[in-house]
Each structure stands twice: as structure tokens, then as C-alpha cells.
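First up is the structure itself, then whatever we jot down about it.
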Amino acid sequence: MAGMNKRLGGGPSPEFRARLREELDALQADKSTEEADDPAPAPSRRRRFRLLPQAVTIALTGAVVVTGFATYCSVPGDVLYPVKRAAENTLVNLSTSDVQRGERELSSARTRAEEVATLLGSPEREELVGTTLKDMEDTTRLAIATLSRVKHPGARPHTELQRFAKEQRNMVEPMLPQMDAETQRQANGYLNLIDGLTSPG
1 MAGMNKRLGG GPSPEFRARL REELDALQAD KSTEEADDPA PAPSRRRRFR
51 LLPQAVTIAL TGAVVVTGFA TYCSVPGDVL YPVKRAAENT LVNLSTSDVQ
101 RGERELSSAR TRAEEVATLL GSPEREELVG TTLKDMEDTT RLAIATLSRV
151 KHPGARPHTE LQRFAKEQRN MVEPMLPQMD AETQRQANGY LNLIDGLTSP
201 G
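Just so we're aligned, residue 1 is where the sequence shown starts under our numbering, counting upward by one.
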């Protein structure tokens, strides 16, 4: 065996070993270059998936805010107006006392007056003025009846009614010239109603 090894040269020559080492080094370098040129995209996808719920939440929150504002600003004839009225009624029904309920009903009546002003500025919706005036009067009567049930009311309900009457007169009276004969009659009847709230007693 020793003789055979000797005849075969005792193993690979130094030149062969050097060439083999160079080829192996070159292969390793090529592999490293390919890995650098083609990084794994998984972490980037994971980041996008993590950010997706946050983006959806922000979008939904924005939609809710915009819808809520549009509902608050809606007037008779708008698509969201029934939602606004339902929200008002729910708030009134959740009142914990007659004083609170009456004050919320007065607030609804103030809102109806604001809606009348908006409708008078929209010729295509003027036919809704009479209905809104009627709603305003009905709500005002409900508030008066509610606050009249308060036992030992003290000054608060009466003072609130007086302030309400003055505010409503200042809101409704300037609208009269813009109204037709029928809605003027309704508005004047309403003013007569609230004038009785300003008397002392």
C-alpha cells in the first residue's frame, strides 16, 4: 500500500488543493451575493399586516365623526334627519328627572327654530317650514308641561323658561318677513305662547 501511495504521488498535489480551495471560495462568494440580492420579504409583509388593523380603526373613526357631524347639522329633508330626531328623543327619554327632561325638550325646541331659519334660506324646502314650526310648538308645550310637574321647583325651572322665551323670540321674530301668510300665522301663535313664559310668577 505504501508503495502504491508513493507511485500515485502521496495524495493530491499542492496545486490541485489550491485550485479546489479557490473554486470553493468562489462558490461561497456567489451564494452570499445571491442572498444579499434577494432578501426575504416576510418581515415587511408582517409589518404591513400589523399596521392594517390600525389603518382600519382610524378610517372607521373618521367615518363615524363625519357621519355624526353630518347628522347633527342635518335639517328636515336630509337623509340623516330622522337619525338626528331619534337621537334627540333617546336623550330626552334617558332623562333622570323632570327638570332634566324639560331642559332637554327646550333644547330640542331651540334646534327646531334653527332649522326653520335654515329652511327659509332654501327655497326648495320652504314647504317644510310649517311642519317644523309645528314640531317646535309641540316640543315647547311638552317642556312647559314637564317643568310644571316639578315639585318645589324654586327659581331654576322658571328662570330657564324665561331665558328660553327671550331667546326664541329673538330667533323667530326676525324670520316673519321671510314667511308666507300661513307660516306667519303659525309663528305669531308660537310667539304668543312663549310670551306668557316671561311674566313673573
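Even for Gly, the Cβ is constructed at its ideal location relative to N, Cα and C.
Residues near E182 in its chain [Cβ-Cβ closer than 7 Å; skip 5 each side]: G130
Neighbourhood of K166 by C-beta distance below 8 Å, restricted to the same chain and skipping five residues each side: Once the five neighbours on either side are set aside, the close Cβ partners of K166 are T198.
Any 3 or more C-beta pairs closer than 8 Å across the segment 133 to 145 and the segment 111 to 121: yes
For T96, three-class secondary structure by DSSP: coil
Inter-residue spacing [alpha-carbon to alpha-carbon] between Q178 and L193: 21 Å
Ordered list of alpha helix (DSSP H) runs contained in the segment 149 to 184, each at least 4 residues: 156 to 172
Collapsed DSSP secondary structure at D78 in the structure displayed: coil
Beta-carbon proximity check, T71 vs E105, cutoff 8 Å: no
For L147, the three-state DSSP class (helix, strand or coil): If DSSP states are grouped into helix, strand and coil, L147 belongs with the helices.
Rounded straight-line distance, which links the Cα of L119 to that of V75: 8 Å
Whole-angstrom distance between E88 and E160, CA atom to CA atom: 19 Å
Where S122 sits in the DSSP three-state scheme: coil
Beta-carbon spacing of V99, L147 below 8 Å: yes
Pair within 8 Å by beta-carbon distance, R169 and L191: Contact flag set, yes.
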